[in-house]
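Only one structure is covered here, and it is reproduced in the block below.
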Amino acid sequence: MTQVSASTHSATLPAGALPPDLGQTTQAIIKESQRVTPETTDEVRHITLEVMDPAFQFVEGQSIGVVVPGPHDFGNAYHLRRYSIANARSVPVGSGVNLDILVRRCFYVDEISGERYPGIASNFLCDAKPGQQITLTGPYLSAFRMPLDSRANILMIGTGTGIAPFRAFAQHIYERRGDWKGQVRLYYGGHSGLDLMYTNDEHTDLANYYDEKTFKAFRALGSRPLMTSSQALEQGLHDHATEAWRLIKDANTHVFISGLSKAAKVFCKVMAEQAGSEEDWLKVKEQMIEDGRWSELIYD
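Note that the sequence shown covers residues 1 to 300 in full-length UniProt numbering.
Okay, structure coming up:
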């Protein structure tokens with residue numbers, strides 16, 4: 001784990017340089033930056049930010065924006081990327097508020113030239129050092145809202161860094177509240193065991209909740225070398241489809257899907273098989289949406 005040092009390296013935009021379309025901004029310092037995947041896999045870092053404003057508040061399921069100073073391509077003065085907050089609401093420690101984000105170092109290939117380019121925000125954050133100051137926007141409202149009723153069942157489905165808001169949910173349920181009576185299930189897909197953030201051998205963060213009577217995590221691993229995380233998730237859902245369907249039929253169950261858009265398609269495909277037809281499944285899903293018990297936080 002990389003610890004914060006006394007030095008501060010500014011990566012913020014001067015007040016006069018902040019474009020008005022950014023809205024209100026907040027300054028934060030990188031407190032810790034820890035790689036949670038081994039060197040042999042894609043780099044994913046768990047980064048703790050400290051906002052030096054005790055009035056800063058957020059709740060589980062929200063996201064923050066990270067502003068990367070420019071200039072960038074096409075004359076852009078800044079680059080903005082949103083990240084889901086990966087911890088439960090924080091009580092100010094000293095003069096600051098801590099929040100965690102999960103960042104995968106990304107690259108993209110130009111379809112015309114074939115050249116490989118680094119993702120602006122992800123590489124900026126993965127390269128950032130403890131003590132570095134950055135500019136944030138938000139927090140932003142989210143479709144993910146924790147049920148107030150402790151008897152509610154929570155069904156979480158995700159892949160990749162989509163696990164971030166689910167970590168925040170688990171922290172809130174078992175560490176902040178401690179009285180959750182509903183069933184909590186996490187279905188999470190990855191290429192291999194080492195690709196399962198917070199549940200792999202390198203970083204067993206979610207294992208803290210395995211002893212909770214209401215919590216179960218189903219880790220879906222790829223059984224073939226080229227299997228994607230979404231395909232692994234589908235395999236895992238098939239293996240535990242009866243359990244998921246039992247909860248779906250309970251009118252007190254809330255569904256949260258996070259990660260690649262394929263995760264939602266995979267879940268709906270497996271549930272349609274359990275329902276007997278796609279038509280019957282869509283009726284169930286539409287009722288959950290109408291009741292406010294279905295939420296998605298997905299990306300392509």
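Here a beta-carbon is modelled for each residue, glycine too, at the ideal position from N, C-alpha and C.
Between the C-alpha atoms of residue i and residue j, what's the straight-line distance to the nearest angstrom?
i: Pro38; j: Leu148; result: 37 Å
i: Ala263; j: Asn153; result: 20 Å
i: Asp127; j: Ile30; result: 11 Å
i: Leu194; j: Gln183; result: Any reading at Leu194 needs caution, since the residue's pLDDT is 37, under 50, leaving its predicted position unreliable; the model's value is listed next. In a straight line, the C-alpha of Leu194 is about 27 Å away from that of Gln183.
i: Asn98; j: Tyr117; result: 31 Å
i: Lys277; j: Asn87; result: One detail in the question is off: residue 277 reads as Ser in this sequence, not Lys. Taking the straight line joining both Cα atoms gives about 38 Å.
i: Thr48; j: Lys129; result: 11 Å
i: Arg82; j: Val66; result: 6 Å
i: Thr8; j: Val103; result: Because Thr8 sits at a pLDDT of 34, beneath the cut-off of 50, its placement in the model cannot be relied upon, and the point is left open.
i: Thr40; j: Ala251; result: 43 Å
i: Tyr140; j: Asp21; result: 15 Å
i: Trp245; j: Ser95; result: 46 Å
i: Glu175; j: Leu80; result: 32 Å
i: Ser63; j: Phe144; result: 10 Å
i: Lys283; j: Leu155; result: 18 Å
i: residue 349; j: Glu243; result: Since the first and last residues shown for the chain are 1 and 300, residue 349 lies out of range.
i: Glu290; j: Asp280; result: 16 Å
i: Pro165; j: Ile257; result: 10 Å
i: Ser150; j: Leu247; result: 15 Å
Among the options, which residue has its Cα nearest to the Cα of residue i?
i: Val44; options: Ile163, Phe215, Ile112, Gln274; result: Ile163
i: Asp110; options: Leu233, Gly119, Leu102; result: Gly119
i: Met52; options: Gln133, Gly189, Arg145, Asp73; result: Gln133
i: Pro54; options: His46, Arg293, His72, Thr26; result: Thr26
i: Phe58; options: Asp100, Glu32, His46; result: Asp100
i: Arg185; options: Asp179, Gly158, Gly178; result: Gly158
i: Ala241; options: Ser258, Cys268, Ser261, Ile257; result: Cys268
i: Asp239; options: Gly114, Thr253, Tyr188, Trp281; result: Tyr188
Residues bridged to residue i by DSSP?
i: Gln27; result: Thr135
i: Ala217; result: Leu186
i: Phe267; result: None, per the DSSP bridge assignment.
i: Val284; result: DSSP, once it has assigned bridges, lists no residue as partnering Val284.
i: Ile258; result: A small correction: the amino acid at residue 258 is Ser; Ile does not occupy that position in the sequence shown. Answer is Gly158, Leu297.
i: Asn252; result: Looking at the DSSP assignment, Asn252 forms no beta bridge with any residue, so it has no partner.
Contact defined as beta carbons within less than 8 Å: I believe residue i pairs with residue j. What is the distance between those atoms, to the nearest angstrom?
i: Gly61; j: Ala168; result: 7 Å
i: Val255; j: Ser230; result: Rounded, the Cβ-Cβ distance is 17 Å, inconsistent with contact.
Counting contacts by CB-CB distance shorter than 8 Å, is residue i in contact with chain C?
i: Ser113; result: Within the model displayed, chain C is absent; a lone protein chain is all it includes.
Entirely within the UniProt domain "FAD-binding FR-type" (23 to 146) and at least 3 residues each: give me those beta strand (DSSP E) ranges in chain order. 25 to 35, 44 to 51, 63 to 69, 78 to 84, 97 to 104, 107 to 109, 116 to 118, 133 to 140
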